Amino acid sequence: VCYIVGAAPHCAKLSPREGDFIIAADGGQTALARMGIAPHLAVGDFDSSDAPCGVPTVKHPVEKDDTDTALAIEEGIRRGYSVFALYGCTGGRPDHTFGAVQTALGAAKKGCRVFLVGEDMVGTVLVNDSISFSASGTVSVFSLSASSHGVTLTGLKYPLSGATLTNDFPLGVSNEAIGDTVTVSVEDGALYLLWKTNSLPF
64 VCYIVGAAPH CAKLSPREGD FIIAADGGQT ALARMGIAPH LAVGDFDSSD APCGVPTVKH
124 PVEKDDTDTA LAIEEGIRRG YSVFALYGCT GGRPDHTFGA VQTALGAAKK GCRVFLVGED
184 MVGTVLVNDS ISFSASGTVS VFSLSASSHG VTLTGLKYPL SGATLTNDFP LGVSNEAIGD
244 TVTVSVEDGA LYLLWKTNSL PF
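For reference, each letter of the sequence shown is one residue, going 64 to 265 in my numbering.
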């Protein structure tokens with residue numbers, strides 16, 4: 064797993080294992096320092112913090128098309144990672160949160176799985192894919208495509224089988240986990256999933 068830590072003020076605590084890779088995206092180094100964790104790499108334009116000392120750094124200009132989070136994911140992909148956990152990339156500003164979702168969508172189209180981790184919520188994007196996970200309450204499923212076809216939901220109070228979700232009607236908002244395992248799949252389209260949990264699916 065490649066952990067990418069951003070600069071949002073509230074950040075869930077990481078639990079990295081041997082072989083995992085930790086990237087500080089710009090001001091994410093501050094959050095990591097509070098946890099007593101040193102990153103393997105720092106990436107960004109460092110407009111919100113100084114570049115760290117003693118850490119390999121990839122510095123980019125402030126005026127650029129990519130976000131620091133997207134650039135950090137690209138660095139992780141170059142190092143062979145395909146599963147990413149983004150911490151501190153949601154909750155600080157709504158525009159950054161939505162940007163992180165779009166970044167997760169772009170990575171999913173490259174065959175990666177990106178998890179957006181909050182203090183008690185986890186989100187991810189599916190593109191013509193499926194996922195199973197444990198949830199402890201609310202599960203919401205949104206279509207990022209104009210239409211997502213063949214959507215199947217199991218382990219939820221309101222299941223679906225081969226349904227179509229659209230991006231202009233939030234049919235999948237605020238469902239509820241009722242079993243030990245929730246499974247979401249989509250045959251053709253892109254979904255954003257957001258669920259409440261105490262355990263991470265990676």
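Positions of the beta carbon are idealized from the N, C-alpha and C atoms, including for glycine. All of these numbers come straight from a predicted model, not from anything done at the bench.
Those residues which DSSP pairs with residue i across a bridge
{"i": "THR160", "result": "DSSP, once it has assigned bridges, lists no residue as partnering THR160."}
{"i": "ALA248", "result": "The residue you asked about is not Ala; residue 248 is Ser in the sequence shown. SER193 and THR215, per the DSSP bridge assignment."}
{"i": "GLY107", "result": "LYS122"}
{"i": "GLY186", "result": "LEU179 and LEU257"}
{"i": "CYS65", "result": "PHE84 and PHE147"}
{"i": "LEU228", "result": "SER211"}
{"i": "PHE265", "result": "Note: PHE265 sits in no beta bridge, so no partner."}
Boundaries (first-last residue) of the alpha helix (DSSP H) holding residue i
{"i": "ILE140", "result": "131-141"}
{"i": "THR93", "result": "91-98"}
Where the beta strand (DSSP E) containing residue i begins and where it ends
{"i": "LEU213", "result": "A small fix is needed here, since residue 213 is Gly in this sequence, not Leu. Residues 210-217."}
{"i": "ILE241", "result": "Unbroken run through ILE241: none, as it is neither H nor E."}
{"i": "CYS152", "result": "Note, CYS152: premise wrong, no beta strand (DSSP E); not H, not E."}
{"i": "VAL177", "result": "176-180"}
Contacts around residue i, its chain only, beta-carbon distance under 6 Å, and the 5 residues preceding and following it disregarded
{"i": "VAL177", "result": "PHE147, ALA167 and ALA170"}
{"i": "CYS65", "result": "PHE84, GLY139, TYR144 and PHE147"}
C-beta atoms of residue i and residue j nearer than 9 Å
{"i": "SER195", "j": "THR246", "result": "yes"}
{"i": "HIS159", "j": "THR130", "result": "yes"}
{"i": "ILE241", "j": "ALA135", "result": "no"}
{"i": "GLY107", "j": "GLY90", "result": "yes"}
{"i": "VAL202", "j": "VAL214", "result": "no"}
{"i": "THR132", "j": "ALA88", "result": "yes"}
Proximal residues to residue i (C-beta, below 8 Å), its chain only, five neighbours per side dropped
{"i": "ASP164", "result": "In the sequence as presented, Asp is not what sits at residue 164; that position holds Val. LEU179, GLY186, VAL188, LEU207 and TYR255."}
Same chain, Cβ closer than 7 Å to residue i, neighbours up to 5 away in sequence not counted
{"i": "PRO222", "result": "LEU216"}
**Message:** Using a Cβ distance threshold of 8 Å, determine whether the region 70-79 contacts the region 96-111, with at least three qualifying pairs required.
**Reply:** yes
**Asked** Three or more beta-carbon pairs under 8 Å between the region 178-189 and the region 224-244, yes or no?
**Response** no
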